[in-house]
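What follows is one structure encoded as structure tokens, with my remarks underneath.
Protein chains in written order, with my numbering: chain V, 36 to 218; chain L, 36 to 218; chain B, 36 to 218; chain W, 36 to 218.
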């Protein structure tokens with residue numbers, strides 16, 4: 036079974052980005068993937084900000100990314116780009132950490148005016164990490180994400196398109212695995 | 036056999052971008068692809084600039100792109116981005132013209148300072164055209180391209196890495212085709 | 036009196052971008068500036084696309100830009116960026132054509148999802164042209180622009196903020212002129 | 036006297052970015068500015084990463100930025116963009132924190148291939164913070180910065196152009212102050 040890492044990069048303890056990430060992780064699990072979630076805010080701040088990749092909790096994320104077939108990278112939009120928190124983790128990944136992996140960028144924000152942050156801010160960083168198969172990303176408005184006690188609900192306006200995006204990503208991940216063996 | 040369209044977008048009649056495109060086209064042909072090249076500068080300027088996609092020569096390019104498995108998009112760097120000439124053609128393609136196609140961005144320029152134009156300028160436009168598999172692009176310095184009477188020669192510093200990029204793209208294109216059938 | 040050039044880069048003969056440009060030009064004239072408007076689509080396509088800056092109509096634009104205190108650059112959003120038509124003109128300007136000039140970027144589009152095209156696509160090109168004072172740009176939704184027989188009307192939701200932007204630009208242009216003399 | 040804040044965003048304790056920032060700060064002081072330097076890595080990591088702008092050390096930076104006439108923002112290039120550390124600070128500044136301030140972006144990196152990170156990554160974030168006068172930035176190669184026991188030395192290839200950039204910024208800052216009073 037393909038393994039997928041979901042990284043979410045919101046500094047907020049009640050983050051809609053994290054809620055969305057969990058929602059997507061569950062859908063990917065239902066499609067046969069082994070999914071593991073990491074919230075960057077749960078990592079120890081001192082080694083994270085000093086780029087200490089040897090610290091055990093950070094080393095575990097780096098190792099999990101290295102072993103995964105695919106990565107979902109989720110961030111809120113702050114100041115027209117991804118969060119500094121997310122970037123702090125991406126900064127300490129090895130240079131080609133995303134080579135040979137399918138990548139799905141997900142972004143949340145308060146206004147549709149921030150949509151292009153996916154393609155102009157986040158995608159170039161993912162490409163700089165060696166990714167050569169970053170699928171179409173998706174942007175979800177904060178107001179379309181409702182975080183309940185036990186579950187996350189998406190507004191139908193967001194749920195349908197997100198499913199298409201996630202399912203397309205799931206297919207791409209499944210399709211890449213046998214290929215990797217065959218080549 | 037997978038079919039590949041190579042689009043080159045330099046306004047110059049003695050373009051290094053076009054020379055590089057031809058060089059790459061030949062290598063892809065040698066690897067079993069059916070390759071067709073278009074230089075945007077050969078298209079009729081009036082319909083091109085007025086976005087008249089019904090004009091026969093332009094309609095032919097649009098149709099060729101629609102039918103291709105993969106696209107190579109090549110441009111010189113002008114003012115920190117792709118050429119306006121190339122963008123004029125991309126502007127009149129349908130909204131999802133690059134969906135389900137592998138795409139290879141190639142850029143030429145006079146200075147390594149322009150390398151990121153691939154990922155920050157050209158790649159977001161290709162993504163806006165629906166591409167979900169834009170492989171790592173490549174940048175070739177003008178001075179590494181020598182245009183002879185019959186052939187194009189690349190400096191060894193450029194030739195080796197370019198081969199790796201083109202061959203990886205070729206593999207990705209071959210790999211995608213059976214998948215498209217299977218899904 | 037400060038002189039301002041307004042460049043608009045839509046390929047459409049009934050362009051909302053051009054209508055907006057005219058509207059802004061009139062407001063700047065009312066504030067004491069000498070304003071001259073150019074539509075890139077009125078320039079001869081063949082020399083434009085072959086980057087022939089010596090052609091008289093193109094040379095006139097290049098010369099007008101060189102002599103101006105400030106520039107308004109207006110474009111529709113196509114494929115997540117400025118139009119290829121506009122870029123074709125910017126491509127043939129000299130390397131530091133916008134040095135020592137205040138610049139106002141204006142963009143029109145069908146969806147607020149394109150807003151960041153100003154800052155991620157157009158602004159870097161203006162900066163590459165040597166501009167060091169590109170003020171906050173503005174994005175106007177197509178549906179907020181009504182083109183009448185004799186005049187252009189903006190929806191109040193767009194008119195107010197646009198006035199603030201244009202008036203701030205006007206002040207910046209007025210403020211820069213005495214400085215240029217003094218330094 | 037105009038006041039200038041210099042922010043540097045490298046996570047490294049022996050940072051070339053910080054060395055360059057100090058070098059630039061000294062030159063600005065010699066030109067009559069009151070300059071204050073902050074290294075983001077000296078701020079407390081926990082409140083920084085949780086966007087706690089009320090923590091005293093962070094509140095002091097936010098307040099200093101609010102009161103300054105101009106800001107120098109310096110970052111190393113990591114993964115084709117500014118550091119996550121720098122962005123973590125920018126993320127917790129108020130929405131229009133850079134309005135009415137001149138801003139100078141400075142970036143250091145190991146290869147000229149990263150130069151455009153200034154204009155495609157850092158500049159849009161500065162613009163999102165309300166800046167309307169971000170002057171031409173400058174990129175310095177790591178190898179051109181030598182950090183000695185008592186001073187920082189720049190290679191002549193970097194020193195001359197950097198002076199031109201810093202002195203132009205200094206003039207712009209001086210010029211803006213009387214204007215602000217006059218308007």
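Beta carbons: idealized from backbone N, C-alpha and C, even for Gly. As the structure is a computational prediction, the values presented were derived from the model and not from experiment.
Tell me, please, whether the CB atom of residue i is closer than 9 Å to any CB atom in chain L?
i                      : result
residue 155 of chain W : yes
residue 151 of chain V : yes
residue 46 of chain B  : yes
residue 98 of chain B  : no
residue 17 of chain V  : Nothing in the structure corresponds to residue 17 of chain V, since chain V is present only between 36 and 218.
Residues in the same chain with beta-carbon distance under 7 Å from residue i, minus the five sequence neighbours each way, listed in chain order, please.
i                      : result
residue 90 of chain B  : 79, 82
residue 87 of chain L  : 93
residue 209 of chain B : 37
residue 65 of chain W  : none
residue 57 of chain L  : 72, 187
residue 214 of chain B : Note that residue 214 of chain B has pLDDT 45, beneath the 50 cutoff, so the model's placement of it is unreliable and the number below is only indicative. The answer is none, since no qualifying residue turns up.
Given a threshold of 16 other Cβ atoms within 10 Å of its Cβ, counted over all protein chains shown, does residue i qualify as buried or as exposed?
i                      : result
residue 54 of chain V  : buried
residue 204 of chain W : buried
residue 216 of chain V : Reliability of the predicted coordinates at residue 216 of chain V is poor, the pLDDT of 42 falling under 50, and the value obtained from them is presented with this limitation in mind. With fewer than 16 Cβ atoms within 10 Å of its Cβ, residue 216 of chain V is classed as exposed.
residue 45 of chain V  : buried
residue 167 of chain L : buried
residue 144 of chain V : buried
residue 43 of chain L  : buried
residue 110 of chain V : buried
residue 159 of chain L : buried
residue 146 of chain B : exposed
residue 134 of chain B : exposed
residue 104 of chain V : buried
Taking Cβ-Cβ distances shorter than 9 Å, what residues in chain B pair up with residue i?
i                      : result
residue 108 of chain L : Those do not exist, as residue 108 of chain L stays about 12 Å from chain B at its closest Cβ, beyond 9 Å.
Since residue i meets chain L, which of its residues come closer than 8 Å, beta carbon to beta carbon?
i                      : result
residue 158 of chain V : 154, 158, 159, 162
For residue i, go through chain V and note every residue whose CB falls closer than 7 Å to its CB, in chain order.
i                     : result
residue 37 of chain B : Those do not exist, as residue 37 of chain B stays about 30 Å from chain V at its closest Cβ, beyond 7 Å.
Hey, does residue i have any beta-carbon neighbour from chain V nearer than 9 Å?
i                      : result
residue 122 of chain W : yes
residue 119 of chain W : yes
Quick check on residue i - is its C-beta less than 9 Å from some C-beta in chain B?
i                      : result
residue 65 of chain L  : no
residue 144 of chain L : no
residue 105 of chain W : no
Report yes or no: is there a C-beta of chain W within less than 9 Å of the C-beta of residue i?
i                      : result
residue 147 of chain V : no
residue 203 of chain B : yes
residue 50 of chain V  : no
residue 43 of chain V  : no
Closer than 8 Å by C-beta to residue i: which residues in its own chain qualify, once you throw out the five before and the five after it? Chain order, please.
i                      : result
residue 132 of chain B : 97, 100, 101, 164, 165
residue 151 of chain V : none
residue 84 of chain V  : 123
residue 69 of chain L  : 36, 37, 38, 39
residue 218 of chain L : Low confidence applies to residue 218 of chain L: its pLDDT is 40, below 50, so where it sits in the model is not reliable, and the reading given next is rough at best. If we look at residue 218 of chain L and ignore the five residues flanking it on each side, it has no Cβ neighbours.
Given that residue i touches chain W, what residues does it touch there, using C-beta distances under 8 Å?
i                      : result
residue 115 of chain V : 159, 160, 162, 163
In chain W, which residues lie less than 9 Å from residue i when you measure between Cβ atoms?
i                     : result
residue 56 of chain V : The premise fails here: residue 56 of chain V is roughly 18 Å from chain W at the closest Cβ pair, so nothing lies under 9 Å.
Counting only the same chain and skipping the five closest in sequence on each side, list residues whose C-beta sits under 6 Å from that of residue i.
i                      : result
residue 95 of chain L  : none
residue 190 of chain V : 179
residue 72 of chain B  : 41, 60
residue 182 of chain W : 54
residue 172 of chain W : 140, 153
residue 200 of chain B : 173
residue 62 of chain W  : 201
When you compare the CB of residue i with every CB in chain D, is at least one pair closer than 9 Å?
i                     : result
residue 94 of chain B : The structure shown contains no chain D; the protein chains it does contain are V, L, B and W.
### Task
Give, in chain order, every residue of the region 168-192 of chain V whose Cβ lies closer than 7 Å to some Cβ of chain L.
168, 170, 171
### Task
Please name the residues in the region 125-140 of chain W whose beta-carbon is closer than 9 Å to at least one beta-carbon of chain V, in chain order.
125, 126, 127, 128, 130
### Query
According to a CB-to-CB cut-off of less than 8 Å, which residues of the region 67-91 of chain W neighbour chain V?
76, 80, 81, 83, 84, 85, 86
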